[in-house]
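Working notes, beginning with the structure itself.
Here's what the structure looks like:
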């Protein structure tokens, strides 16, 4: 049997080197995929953790201030004043409970897609916010209202957060969603998901640039 020719040995060596290079590339891609999935999972955890904290604050606002003021004498605050002071906060809390439930299942895109039709509630809240702040300043001049609010703010459940701090949280939330979704987008690979997340970012930006910018002109 004739020994392999030099050209055949070179071809075999080249083929082996090509195969090894291909395997290295596959391993690099695998590691990159694992890294991206790990980072994506961390972003999902951050989104869920952030939403749970926000929802917790909305629940405190509802129980301690909205429901609390609903039970006091109308001499402390009239029903119309109560509606102006808190705007759409009750509805916002309900839709964010739904959002949090969806996020708990790990479906970030589906969860925010559920929220999108209700973003108008945040627009309404933002437009009402200057009136709410003006009314709060007037209400705090009433001794009975001031006494009630300060007593509620001193409760341990409020963790030192004052009523104005709770009221501004929905105003701060939409730009926060935009930042969280942009971070999530970095680790989203499929074209369909990227398109959906990009659309969600655009919706949140539209809400912020629209209603939130008009807030300053009211």
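In our numbering, the protein residues as written are 25 to 242. The beta carbon of each residue, even a glycine, is placed where N, CA and C say it ideally should be.
Is the Cβ-Cβ distance between residue i and residue j less than 8 Å?
i, j, result
"residue 161", "residue 108", "no"
"residue 88", "residue 183", "no"
"residue 221", "residue 122", "no"
"residue 205", "residue 218", "no"
"residue 176", "residue 92", "yes"
"residue 128", "residue 79", "no"
"residue 94", "residue 82", "no"
"residue 124", "residue 76", "yes"
"residue 201", "residue 228", "yes"
"residue 203", "residue 101", "no"
"residue 6", "residue 66", "With the chain covering only 25 through 242, there is no way to say anything about residue 6."
"residue 130", "residue 68", "yes"
Distance check for residue j and residue i, CA to CA, integer angstroms please.
i, j, result
"residue 171", "residue 115", "27 Å"
"residue 188", "residue 226", "29 Å"
"residue 118", "residue 60", "33 Å"
"residue 242", "residue 157", "In this prediction, residue 242 scores a pLDDT of 49, lower than 50, which makes its location untrustworthy; the coordinate-derived value is nonetheless stated afterwards. Looking at the two C-alpha atoms, the distance is approximately 12 Å."
"residue 64", "residue 74", "15 Å"
"residue 230", "residue 194", "16 Å"
"residue 149", "residue 207", "26 Å"
"residue 154", "residue 126", "32 Å"
"residue 224", "residue 198", "11 Å"
"residue 240", "residue 45", "Confidence at residue 240 is low in this model, with a pLDDT of 49, below 50, so its placement is unreliable and the value that follows should be read with caution. Near 59 Å, if we compare the C-alpha coordinates of residue 45 and residue 240."
"residue 120", "residue 113", "10 Å"
"residue 104", "residue 137", "33 Å"
"residue 40", "residue 47", "10 Å"
"residue 166", "residue 173", "11 Å"
"residue 215", "residue 190", "38 Å"
"residue 62", "residue 135", "20 Å"
"residue 38", "residue 213", "34 Å"
"residue 147", "residue 139", "13 Å"
"residue 186", "residue 70", "25 Å"
"residue 179", "residue 97", "21 Å"
So the alpha helix (DSSP H) residue i belongs to, where does it begin and stop?
i, result
"residue 124", "113–128"
"residue 162", "143–163"
"residue 103", "103–110"
"residue 294", "Look at the range of the chain in this structure, 25 to 242, and you will see that residue 294 is not part of it."
"residue 132", "132–139"
"residue 173", "167–177"
"residue 95", "91–95"
The stretch 78–92 touching the stretch 139–148, judged by at least three CB pairs closer than 8 Å: Short answer: they don't touch.
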